[in-house]
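Enquirer: Structure provided below as structure tokens; questions to follow.
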Amino acid sequence: MSKTLFECKQLSHRYGKTLALDTVELSLQSGQVTALLGPNGAGKTTLIHLMLGLFPIQQGELSLFGTRPGQLTRQRIGAMLQISGVQDNLTVIELIDLFGSFYPQRADTDQLIDEAGLDGLEQRQFQRLSGGQQQRLLYALAVVGQPDLLILDEPTTGLDPSARRKLWRAIEQRRQHGGSVLLCTHYMDEAEQLADQIVVLDQGRVRIQGTADDVRAQVPNQQIRCRSSQSIDPIESMETVLQVQQHDGMIEILATRAEPVVRHLFAQDPDLTALEVQRTTLESAFLALTEADSNRSNPLDQEAA
Amino acid sequence: MNTLTSPGWQFLKCQWLNLVRQPAYTLPTLLFPVIFYAFFGLLMIPGLSLWLLCTYSTFGIMGAALFSFGVSIAVERGQGWLLLLRASPAPIAGLVIGKAAAAMLFALVIVVSISVLAGWFGGVRLETSQWAGLVMVQMIGTIPFCLLGLSLGLLLSPNAAPAVINIIYLPLAFLSGLWVPATQFPPFLQSLATWLPPYHLAELALNITGAKTSDWMVSVLILVIYTIIFAALTALGWKRLDGSRS
Chain A
2 MSKTLFECKQ LSHRYGKTLA LDTVELSLQS GQVTALLGPN GAGKTTLIHL
52 MLGLFPIQQG ELSLFGTRPG QLTRQRIGAM LQISGVQDNL TVIELIDLFG
102 SFYPQRADTD QLIDEAGLDG LEQRQFQRLS GGQQQRLLYA LAVVGQPDLL
152 ILDEPTTGLD PSARRKLWRA IEQRRQHGGS VLLCTHYMDE AEQLADQIVV
202 LDQGRVRIQG TADDVRAQVP NQQIRCRSSQ SIDPIESMET VLQVQQHDGM
252 IEILATRAEP VVRHLFAQDP DLTALEVQRT TLESAFLALT EADSNRSNPL
302 DQEAA
Chain B
453 MNTLTSPGWQ FLKCQWLNLV RQPAYTLPTL LFPVIFYAFF GLLMIPGLSL
503 WLLCTYSTFG IMGAALFSFG VSIAVERGQG WLLLLRASPA PIAGLVIGKA
553 AAAMLFALVI VVSISVLAGW FGGVRLETSQ WAGLVMVQMI GTIPFCLLGL
603 SLGLLLSPNA APAVINIIYL PLAFLSGLWV PATQFPPFLQ SLATWLPPYH
653 LAELALNITG AKTSDWMVSV LILVIYTIIF AALTALGWKR LDGSRS
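The structure is reproduced here in structure tokens:
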């Protein structure tokens, strides 16, 4: 049964005159992978730093494992931060032993090396590891204390596709064993692949918290493509159609609902070919949610209005 | 948890390994004061071998403390190492004690090296208790300079700290009479020297070896006051980390 690991109410944080977090309301459940999405400067790292107790809480409430962040809560958290480095002439095993000494219960070293894919690199200094290996070591340092909550801030940035997949597998294994993960990422495929729930943060505010389908549902557009010589004028006048383009014999349609458009297309041209219908991707929904704020065409705002 | 798996031991081990694996830092820190003493204390001003043993060992431990703390903390801030440690349950006191212990170990090596030169080639003869007293004074004397380095490493930007520490280190050593006895200075510089912490650490060393007789309690008091000031600056620097993004 899942429990609330983290909760914040009316949480705000400022750097001087800049408002980084604005009355954030958020809760995370145990045993889930939560993806924290947002453009640069959205407040993601500030939220993570507050969870880790690195900043004092200026306004609002924040509780982690039912208490305020501090030394005790840090014993139950593992963190892989966006900007983090180590003393780069220490070896993999020396760093694992150092970080393992901080926690009351440390993971078995051999299992950890295996989980992080660092076999054979135990005696290699950090500075002599490749970028992917360094990221995997930072992951190992984050999980060495067998944390109840693992915080990963852009863990796969700079990794090649193979290294990304390996880290994904490690995160999936952690979830299968009941671990809780807060994953901050700019990669939508990563969020879609790994996350049970998604939080979109923009300009210091939570735009939405829900599943990937919930996020996509905020921008319920579908893209229809086909090869046909029919006129696009009747299509443009359809109620569910937002945009139509025709070039090189291909028709591209953006619609709120695909079904009536597809029926119309077949009625007009039963011989059409290369038909594709795509639902809104998480990325396009994310962009619509976050970019809308600057041009005030946000579907959420429209709904609220 | 046994001693070898305790965070304190792990910090000390890692700090020491980190230092010995940086010969570009370690060798100059250890060798410069020894070479300077060989040149100035033995070859150029031979009559002052004992005096300069005390002042050059102060110069050496000051460098070890300022650089192993100030520069390394600044660099580690820039790397994100300090942030990663603060995000973990690492006892930060362990980090500081590990660095202080490493600086004291450097101080021991420097003082013993200069003492060996002074004994073999400079004809310096001291009672065993005086040799031991000199080593102890210099090792304990690293504390205010460790705190000065730590406060500079925390208060200055990671890029500025190494340059500023270099700018402070050499003039402070010279103006404190560590290279040339302050008695050779013009009166206003002599007066200035008596307000500087390295001057008073050297005074303690000079007193314990019998090279000079002065009111050592005043030197202890002034060093304690500086230690409190540098500790307060360190606390301020640490508090600023809580409010900054780095």
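One line per chain: the protein sequences are A and B, in this order. Quick note: the first sequence uses the numbering used here, first residue 2, plus one each step. Quick note: the second sequence uses the numbering used here, first residue 453, plus one each step. In this text, a Cβ means the ideal position worked out from N, Cα and C, and glycines have one as well.
If you check the beta carbons only, do Val576(B) and Ala570(B) fall under 7 Å apart?
Expert: Yes, these two residues count as a Cβ contact at 7 Å.
Enquirer: Determine, using beta carbons only, whether Gln462(B) comes closer than 7 Å to chain A.
Expert: It does: the Cβ of Gln462(B) has a partner Cβ on chain A nearer than 7 Å.
Enquirer: Is the region 240-252 of chain A touching the region 50-68 of chain A, taking contact as three or more C-beta pairs under 8 Å?
Expert: The region 240-252 of chain A is not in contact with the region 50-68 of chain A.
Enquirer: Helix or strand or just coil, what does DSSP make of Gln124(A)?
Expert: In this structure, Gln124(A) counts as coil in the three-state DSSP scheme.
Enquirer: CB-CB under 6 Å to Phe7(A), same chain, minus the five flanking residues each way: which ones, in chain order?
Expert: Leu29, Leu65.
Enquirer: Gln72(A): buried (16+ other C-beta within 10 angstroms of its C-beta) or exposed?
Expert: Its Cβ having fewer than 16 others within 10 Å, Gln72(A) is exposed.
Enquirer: Name the chain A residues whose beta carbon is nearer than 7 Å to that of Pro614(B)?
Expert: Per Cβ cutoff of 7 Å: no residues; Pro614(B) is ~16 Å from chain A at best.
Enquirer: Of all the options Val182(A), Gln124(A), Pro271(A), Asp98(A), which has the alpha carbon lying nearest to the alpha carbon of Ser458(B)?
Expert: Here the closest residue by C-alpha is Asp98(A).
Enquirer: What residues in the region 528-541 of chain B have a beta carbon less than 9 Å from any beta carbon of chain A?
Expert: The region 528-541 of chain B vs chain A, Cβ under 9 Å: Glu528, Gly530, Gln531, Gly532, Trp533, Leu535, Leu536, Leu537, Arg538, Ala539, Ser540, Pro541.
Enquirer: For Gln269(A), which residues in the same chain have their Cβ closer than 6 Å to its Cβ, ignoring the five residues on either side in sequence?
Expert: Counting only Cβ-Cβ distances below 6 Å, and skipping sequence neighbours, we find Gln231.
Enquirer: Quick test of your reading: Glu193(A) and Ala164(A), contact by CB under 8 Å. State the CB separation rounded to the nearest angstrom.
Expert: Wrong, their Cβ atoms sit about 19 Å apart, outside the cutoff.
Enquirer: Is DSSP giving Gln198(A) helix, strand or coil here?
Expert: Gln198(A): strand per DSSP, three-state reduction.
Enquirer: What span of residues does the alpha helix (DSSP H) with Arg166(A) cover, start to end?
Expert: First-last of the alpha helix (DSSP H) with Arg166(A): 162-177.
Enquirer: To the nearest angstrom, how far is it from the Cα of Gln724(B) to the Cα of Asp23(A)?
Expert: Residue 724(B) falls outside the range modelled here, since chain B spans only 453 to 698, and no answer is possible.
Enquirer: For a cutoff of 7 Å on Cβ pairs, would you count Asn611(B) as touching chain D?
Expert: The structure shown has no chain D; the protein chains it does contain are A and B.
Enquirer: Three-state secondary structure (DSSP) at Lys465(B)?
Expert: Correct three-state label for Lys465(B): helix.
Enquirer: Between Arg692(B) and chain A, is the shortest Cβ-Cβ distance under 7 Å, so that the two count as touching?
Expert: Not closer than 7 Å to any Cβ of chain A, the Cβ of Arg692(B) fails to qualify, so no.
Enquirer: How do the region 547-566 of chain B and the region 76-95 of chain A stand: do at least 3 beta-carbon pairs fall below 8 Å, yes or no?
Expert: These segments do not touch.
Enquirer: Taking C-alpha atoms, which residue in Leu27(A), Thr257(A), Gly250(A), Leu195(A) lies nearest to Glu219(A)?
Expert: At residue 219(A) the sequence reads Gln, which differs from the Glu that was named. The residue with the shortest Cα to Cα distance from Gln219(A) is Thr257(A).
Enquirer: Can you list, in chain order, the residues of the region 110-131 of chain A whose Cβ is nearer than 9 Å to any Cβ on chain B?
Expert: Cβ contacts with chain B come from Gln126.
Enquirer: Consult DSSP for Thr5(A) and reduce its assignment to one of helix, strand or coil.
Expert: Of the three classes helix, strand and coil, the one that applies to Thr5(A) here is strand, per DSSP.
Enquirer: Quick one: what's Met251(A) bridged to in DSSP?
Expert: Arg228(A), His248(A).
Enquirer: How big is the Cα-Cα spacing for Ile595(B) and Gly522(B)?
Expert: Rounded to the nearest angstrom, the two C-alpha atoms are 13 Å apart.
Enquirer: Can the beta-carbon of Arg228(A) be found closer than 7 Å to that of Gly250(A)?
Expert: In contact: Arg228(A) and Gly250(A) (Cβ atoms closer than 7 Å).
Enquirer: If you run the structure through DSSP and keep just helix, strand and coil, what is Asp302(A)?
Expert: For Asp302(A), the pLDDT reaches just 36, beneath the cut-off of 50, and the residue's location in the model is therefore unreliable, although a value from the coordinates is still provided. In the structure shown, Asp302(A) sits in a helix (DSSP, three-state: H, G or I).
Enquirer: Return the chain-ordered list of same chain residues with a C-beta closer than 7 Å to the C-beta of Phe682(B), the five sequence neighbours on each side being excluded.
Expert: Hits under 7 Å: Pro596, Leu599, Leu600, Ser603.
Enquirer: Return no unless some Cβ of chain B is closer than 7 Å to the Cβ of Ser1(A).
Expert: There is simply no residue 1(A) to check, as chain A begins at 2 and stops at 306 in what is shown.
Enquirer: What does the alpha-carbon distance come out to for the pair Ala645(B) and Gly499(B)?
Expert: Looking at the two C-alpha atoms, the distance is approximately 22 Å.
Enquirer: Should Gly17(A) go down as buried or exposed, given a rule of 16 or more other Cβ atoms within 10 Å for buried?
Expert: So Gly17(A) ends up on the exposed side.
Enquirer: Under the rule that 16 or more other beta-carbon atoms within 10 Å means buried, what is Trp503(B), buried or exposed?
Expert: That one is buried.
Enquirer: Taking the alpha-carbon positions, what's the Ala117(A) to Arg692(B) distance?
Expert: Rounded to the nearest angstrom, the two C-alpha atoms are 35 Å apart.
Enquirer: Listed from N- to C-terminal order along the chain, which residues in the region 469-494 of chain B have their beta-carbon within a distance smaller than 8 Å of any beta-carbon of chain A?
Expert: Those residues of the region 469-494 of chain B that come within reach of chain A (Cβ to Cβ, closer than 8 Å) are Leu469, Asn470, Arg473, Gln474.
Enquirer: Any contact of the region 49-57 of chain A with the region 100-116 of chain A, i.e. 3+ C-beta pairs under 8 Å?
Expert: No, the region 49-57 of chain A does not touch the region 100-116 of chain A.
Enquirer: For Tyr104(A), go through chain B and note every residue whose CB falls closer than 9 Å to its CB, in chain order.
Expert: Simply Ser540, Pro541.
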